[in-house]
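Have a look at the structure below, then the notes.
Protein chains in written order, with our numbering: chain A, 38 to 379; chain B, 332 to 409.
Here's what the structure looks like:
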């Protein structure tokens, strides 16, 4: 298996990407291709002792997609960027998956334009797994599509269910729709129309739809996949991230408030570190671009060596799980007669 | 021939029917697709017709299926 890395993507690139690649090549069962400005990539390899590593290949790319580039046009305009070259290599079969910590929007657009969606899939979606103390909840879509149709929501539900089945090891994933209430009649036109489609798919035994869910239920374990339009999904994800940061800051304040508190904190220090690791993006790996015909993993923009290593591990799992194959095999059930635009 | 091929590709890529489309059909307003979709189609056309990369300024002028067919016909060797 061969994993292609965009060596120039991310806040800590290329060094963190190269170091993560070296660790992955040594510890995981895969060859790694580093795509980037060759001189810089080789200098980073030398800096981390990865020169001459047999499982690493370097492919030159003269351009870099930056956060200033217009996401929808970045890969199109920068054909020799590390991101575009990596995606084109994937399309041409010169690797099995791509990992990039670069611009999310550019990667999503580039993957759509150069790797292509699975035939019949209207929109690819971002599906991060939110920790909930158990196997987690797949939140799909969390920002790829701010405008959605009921058909997109139906497809996100199917794609999320296949991902949860194959990547999270859940046999019959419970799918819920994010809404303002749990009753069947809640929500706007989009949620109501999507509800009918989700229920029909569930009645036909194709997905396990458990109804609407409020945001407050995210961590209750009532469902494994939470389906929503990209706007609401992104607002929810960022709110959860912000709330977690706030809680840790408050907790830190309490722990340093007095000497007895500091002593108490010392006792539970190890457990607190474990709790923090649960929410650490570098432990998670990355977010899959679900609906693209081949695995593309978006690693966190601030990825360090460990995060890149875990993203490569996730990419290997994605290839082995063949989520795209499962989606493709069921595509006939996932399409409406004609796409309804809102 | 170029126009027919473009229509065929649009129908396959975006789930549309040929009778919904004509030379004056606009991508964004009539078909309801976004700029990422348009670029996806253009990349496909570059491969299909052996075109060089369409400059962004030229791409911005292409609003309808007819505009795209005219550009491809003028720049393709096929």
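For every residue, glycine included, the Cβ atom is placed at its ideal position computed from N, Cα and C.
Q: Mind reading off the beta-carbon distance from residue 71 of chain A to residue 40 of chain A? Whole number of angstroms is fine, and I expect it under 8 Å.
A: Not a contact, Cβ separation roughly 10 Å.
Q: Could you tell me whether the Cβ atoms of residue 120 of chain A and residue 102 of chain A are closer together than 8 Å?
A: Between residue 120 of chain A and residue 102 of chain A, the C-beta spacing is below 8 Å.
Q. Shortest alpha-carbon distance to residue 148 of chain A belongs to which of B:397, B:389, B:372, B:391?
A. Looking at the Cα atoms, B:372 is the closest of the given residues.
Q: Answer with buried or exposed for residue 86 of chain A, where buried requires no fewer than 16 other C-beta atoms within 10 angstroms of its C-beta.
A: Residue environment: residue 86 of chain A is assigned as exposed (fewer than 16 neighbouring CB atoms within 10 Å of its CB, all protein chains considered).
Q. Is it buried or exposed for residue 269 of chain A, if we count other Cβ within 10 angstroms and need 16 for buried?
A. Residue 269 of chain A is buried by the Cβ-count criterion.
**Q.** Partners in chain A for residue 384 of chain B, counting only beta-carbon separations shorter than 9 Å
**A.** Within chain A, the residues whose beta carbon sits less than 9 Å from that of residue 384 of chain B are 113, 114, 116, listed in sequence order.
Q: Kindly indicate which residue of A:191, A:83, A:326 has the alpha-carbon position closest to the one of residue 263 of chain A.
A: Taking only the C-alpha atoms, the option nearest residue 263 of chain A is A:191.
(Q) If we define contact as Cβ-Cβ less than 8 Å, is residue 151 of chain A a contact residue for chain B? (A) Using beta-carbon distances, residue 151 of chain A counts as an interface residue toward chain B, with a partner under 8 Å.
Q: Give the secondary structure of residue 217 of chain A by DSSP, where H, G and I count as helix, E and B as strand, and everything else as coil.
A: Here residue 217 of chain A sits in coil by DSSP.
Q. Residue 109 of chain A touches chain B at which residues, Cβ-Cβ below 8 Å?
A. Chain B residues near residue 109 of chain A: 365, 366, 367, 370.
Q.
Buried or exposed, going by whether 16 or more other CB atoms sit within 10 Å of the CB of residue 54 of chain A?
A. Buried: at least 16 other Cβ atoms inside 10 Å.
(Q) Please state the DSSP three-state secondary structure of residue 94 of chain A. (A) Note: residue 94 of chain A maps to strand in three-state DSSP.
Q) Candidates A:172, A:188, A:167, A:173: which alpha carbon is nearest residue 179 of chain A's? A) Checking every option, the nearest Cα to that of residue 179 of chain A belongs to A:167.
Q: In the DSSP assignment, find the unbroken beta strand (DSSP E) run with residue 246 of chain A in it and report its ends.
A: Counted as a single uninterrupted DSSP element, the beta strand (DSSP E) harbouring residue 246 of chain A occupies residues 245–250.
Q | Contact belief for residue 43 of chain A with residue 123 of chain A at Cβ below 8 Å, rounded distance in angstroms | A | Between residue 43 of chain A and residue 123 of chain A a beta carbon distance of about 5 Å is seen, short of the 8 Å cut, so the two are scored as contacting.
**Q.** Residue(s) in a DSSP beta bridge with residue 166 of chain A
**A.** According to DSSP, residue 166 of chain A bridges with A:175.
Q) When the distance is taken between beta carbons, is residue 334 of chain A closer than 8 Å to residue 355 of chain A? A) Judged by beta-carbon spacing, residue 334 of chain A lies within the 8 Å limit of residue 355 of chain A, meaning their Cβ atoms are closer than that value.
Q. If you check the beta carbons only, do residue 245 of chain A and residue 203 of chain A fall under 8 Å apart?
A. Taking a C-beta distance under 8 Å as the contact criterion, residue 245 of chain A and residue 203 of chain A do not qualify as a contact pair.
Q.
According to DSSP, is residue 377 of chain A part of a helix, a strand, or is it coil?
A. Summary for residue 377 of chain A: the model assigns pLDDT 43, below 50, so the residue's position carries little reliability; its value from the coordinates is reported in the next sentence. Secondary structure of residue 377 of chain A (DSSP, three-state): coil.
Q: Following the continuous alpha helix (DSSP H) through residue 270 of chain A, name the residue where it begins and the one where it ends.
A: Residue 270 of chain A -> alpha helix (DSSP H) spans 267–292.
Q.
Any beta carbon from chain A within less than 8 Å of residue 374 of chain B's own beta carbon?
A. Answer yes: the Cβ-Cβ gap between residue 374 of chain B and chain A drops below 8 Å somewhere.
Q. If you check the beta carbons only, do residue 170 of chain A and residue 200 of chain A fall under 8 Å apart?
A. Not closer than 8 Å, so no.
Q) For residue 222 of chain A, which residues from the same chain have a beta carbon less than 8 Å from its beta carbon, with the 5 sequence-adjacent residues on both sides left out? A) Taken in chain order, the residues that qualify are 229.
Q. To the nearest angstrom, how far is it from the Cα of residue 341 of chain A to the Cα of residue 351 of chain A?
A. Each residue's Cα considered, the two are about 15 Å apart.
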